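Counting from 1 along the sequence shown, just add 118 to a position and that's the residue number in the working numbering. In this text, a Cβ means the ideal position worked out from N, Cα and C, and glycines have one as well. Just so it is clear, the structure is predicted and the values come from calculations on it, not from any experiment.
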Amino acid sequence: MILPTSFFGYSKVEVRAYIEKLNEDFKNQSYKLENQKELLIKENERLKKEIERLSLQLSSVHVKDISCYQRFVDEYFFNEWKEYYSKKASEVEAEYSKSLEELEKIKENTLNHILYIKKQKEKTIKKLKETVDDIESLLNNEEELSLRKLRRDFYVDGNLILPSGIIINHEVIENMKERGFLIEFLKHLAKEDEDI
119 MILPTSFFGY
129 SKVEVRAYIE
139 KLNEDFKNQS
149 YKLENQKELL
159 IKENERLKKE
169 IERLSLQLSS
179 VHVKDISCYQ
189 RFVDEYFFNE
199 WKEYYSKKAS
209 EVEAEYSKSL
219 EELEKIKENT
229 LNHILYIKKQ
239 KEKTIKKLKE
249 TVDDIESLLN
259 NEEELSLRKL
269 RRDFYVDGNL
279 ILPSGIIINH
289 EVIENMKERG
299 FLIEFLKHLA
309 KEDEDI
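Structure representation (structure tokens):
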């Protein structure tokens with residue numbers, strides 16, 4: 119049996135290429151998220167080292183009373199630091215959320231296309247089964263075939279194989295089988311029956 123080489127206008131190659139593209143987009147978004155995560159980790163490490171450095175400096179300063187600097191630290195250094203890193207964290211979070219949304223869309227799109235292809239596959243298999251059943255039915259009723267005339271010309275690839283009006287008998291069927299046209303011929307007969 120020859121399976122179909124396309125799914126309703128889209129070839130297997132086109133369908134496969136489209137799914138591969140969706141998978142590639144998904145990988146790219148995942149890679150982008152990983153890079154953002156690495157950048158955030160590095161930034162946190164840098165901040166940790168900076169805090170350690172400042173702590174070391176403060177511990178080495180011999181001042182009887184450091185409380186006079188507290189107000190300056192609270193009003194300027196701490197607020198500025200908090201604002202800077204809060205803003206940076208918000209930017210990373212927004213980018214992370216956006217990337218997650220894009221990944222979800224790619225995932226949903228991929229699943230929808232897979233479901234569509236599965237449905238088309240089921241329809242195609244059902245149609246093929248019906249065609250096979252029709253052909254088997256015709257093969258099992260050679261006597262009935264022998265009693266009828268061909269109502270329309272039978273063509274293969276634009277070439278006339280059998281003219282209309284010819285009586286279908288065992289020799290005709292054997293001839294079609296030898297020439298490799300039997301399946302096409304039986305489909306032609308089934309189409310004639312549908313058009314009645």
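Rounded C-alpha distance that separates Ile159 from Gln238: 47 Å
Measure the Cβ-Cβ separation of Lys267 and Gly283 and say whether it is below 8 Å. yes
Buried or exposed (CB count within 10 angstroms, at least 16 for buried), Gln147: Sixteen is the threshold: when 16 or more other Cβ atoms of the shown chains lie within 10 Å of the Cβ of Gln147, as they do, the residue is buried.
Please identify the residue among Lys245, Glu152, Arg269 whose C-alpha is closest to the C-alpha of Ile285. Arg269
Less than 8 Å between the beta carbons of Ile235 and Val131, yes or no? no
Going by beta-carbon coordinates alone, are Leu140 and Asn227 separated by less than 8 Å? Contact: yes.
Local Cβ density within 10 Å of Ile224, reported as buried at 16 or more and exposed below that: buried
Per-residue DSSP class, three states only, for Asn277: strand
When burial is assigned at 16 or more other CB atoms within 10 Å of the CB, is His306 buried or exposed? buried
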